[in-house]
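Working notes for the structure below.
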Amino acid sequence: MNENRLKREISLFGAFATVMGTVIGAGVFFKTASVVSFAQSPSLTIFAWVLGGILTLCAGLTSAELATAIPKTGGAVKYIEYTYGKLPGFLLGWAQSVIYFPANIAALSIIFSTQFIHLFHLSTDFLIPIALGTGLSVTIFNLLGTKLAANLQSFTLIIKMLPIALIVVVGLLMPTNVEVSLFPVKAGGDNNFIQALSGSLLATMFAYDGWLGVGAVAGEMKQPEKDLPKAIFFGLTFITIVYVLINFVFLKTLPIEQLSGNLNAASEASNQIFGSMGGKLVTIGILISVYGALNGYTMTGIRVPYALALEEMIPFSQQFQKLSKKYVVPYVSGIFQFSIAAIMMFVGSFDLLTDMLVFVMWLFSLLIFLGVLILRKKEPELSRPYKVPFYPVIPIIAIVGGLFILITTLFTQTLLASIGIGVTLLGIPVYLLNKKMNESKI
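Position one of the sequence shown corresponds to residue 973 (the working numbering), numbered consecutively onward.
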């Protein structure tokens, strides 16, 4: 694998910061509502966040082996293509283009709008218009050049840590009348334990989402074999601790009935902890964090159809290859992505969209975990600057966890899973038709 000519300039701290910036987004503030609604108990809520962190850690450590062994531009698409062939690789790129990135943009725009309405006491009639305006504004930022989008990302990365730190530190010290029992771990309400655990675990996965992109920096690290596992281990462990603590604060601040299904829970907990004015300032910080996450997904997402188009893998590739003359940005890809996201804003809620995108991405994540086992046997001579520790235990944990998420979602949220699978499989005729058209040109 000598195709990699990227400069190796990223240090251990740089990789650690990449992990933090990639994973921490909006989910930490807004998925508590969904987790609690499934778990219906403080103990299972916290257990789901811990289990989600462990599963994410195993997933990140496993996928990083392919990232260092196959350090090609395109990341996960190239890992799957190398292991399974062109069509499976294309299907991941297709799923990212029509589900993953647009659904992220739609979900984050909806949650931004929800918090904006809550902060300024506006009518819920403004939900979709504000969401559309939010998503459109970020798309325009990105169409005005990568430098502007990157500067926006750097600014929001710093801001996003402030509300988290304030809520955790002050919230833990604040006295409360709400009792939080962490043992024994059990489900509340009418759900049985497996239903409650699967639903709450799937909800946490959106908050931990982003780990798949962590390995993409492997080719630019000074010492990937040493620093990558450290960055992933310490980064994801720290994130897990933060997520558990902030959810513990939410649970000790508000009654569980007030948290369940309440997308404004983070804002209401902030008002309780800091008072009305302090709560509003924290909510503004949360809004900036959401906007930054939205910018990150937009910036990355518009490059996926563009990358597929460069290889003539999608219809209308000539159009998707076009770059704006002044800002050198794939503007057709940007318009395409926002158009799908806008449709999703009208038809899906925050939780529906996030659960669907998580389900679809875990389908491909499972292929990556299995790919580590396959290539170890099929190509033992393949250069692996980094090997997953405790092989094959950690990959097996990732595989079992992925299967649990997929199978339970398939049975408990059949319609959602079916839509995700159906749209993904729709990529097969698209791939074959495009291939036939390309062959006819020769």
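Yeah, the Cβ is synthetic: ideal placement off N, Cα and C, and Gly gets one too.
Non-local C-beta neighbours of Thr1326 in its own chain, meaning closer than 6 Å and more than five positions away in sequence, comprise Ala1079, Phe1178, ordered along the chain. Contact between Val1332 and Thr1270 fails: their C-beta atoms lie close to 19 Å from each other, not under 8 Å.
In the DSSP assignment, Ile1089 falls within the unbroken alpha helix (DSSP H) covering 1073-1092.
Within the same chain, Phe1331, Thr1381, Leu1382 come within 7 Å of Ala1389 by CB-CB distance, once the 5 residues on both sides are set aside.
Taking each of Lys1413, Glu1411, Asn1406, Ser1412 in turn and checking the Cα distance to Phe1062, the smallest one comes out for Asn1406. The alpha helix (DSSP H) runs lying completely inside the region 1153-1227 and spanning 4 residues or more are 1165-1180, 1196-1225, given in chain order. Between the alpha carbons of Thr1384 and Lys1194 lies a gap of roughly 45 Å. Using a Cβ distance threshold of 8 Å, Leu1138 and Val1221 do not count as a contacting pair. The alpha-carbon of Ile1228 is positioned some 28 Å away from that of Met1317. Linking Lys1202 to Thr1096 through their CA atoms gives a straight-line distance of about 45 Å. With fewer than 16 other Cβ atoms inside 10 Å of its own Cβ, Gln1290 counts as exposed. Counted as a single uninterrupted DSSP element, the alpha helix (DSSP H) harbouring Tyr1051 occupies residues 1048-1056.
Secondary structure note for Leu1405: its alpha helix (DSSP H) is the uninterrupted segment 1399-1413. Pairing Pro1147 with Ser1355, the inter-Cα distance amounts to about 55 Å. Judged by DSSP in its simplified three-state form, Arg1356 adopts coil rather than helix or strand. Excluding its 5 nearest sequence neighbours in each direction, Ala1175 has C-beta neighbours in its own chain below 6 Å: Lys1003, Ser1006, Val1007, listed in chain order.
Taking 8 Å as the upper bound for CB-CB distance, Phe1001 and Phe1206 are not in contact here, some 23 Å apart.
Between the C-alpha atoms of Ile1346 and Gly1065 there is a straight-line separation of about 21 Å.
Judged by DSSP secondary structure, Ile1346 falls within the alpha helix (DSSP H) whose first and last residues are 1322-1350.
Two segments are said to touch when three or more pairs of C-beta atoms, one from each, lie closer than 8 Å; by this definition the region 1155-1170 touches the region 1009-1022.
Between the region 1334-1344 and the region 1034-1049 there are three or more inter-stretch CB-CB distances shorter than 8 Å, so the stretches are counted as touching. In the three-state reduction of the DSSP assignment, Asn1243 falls in the helix class.
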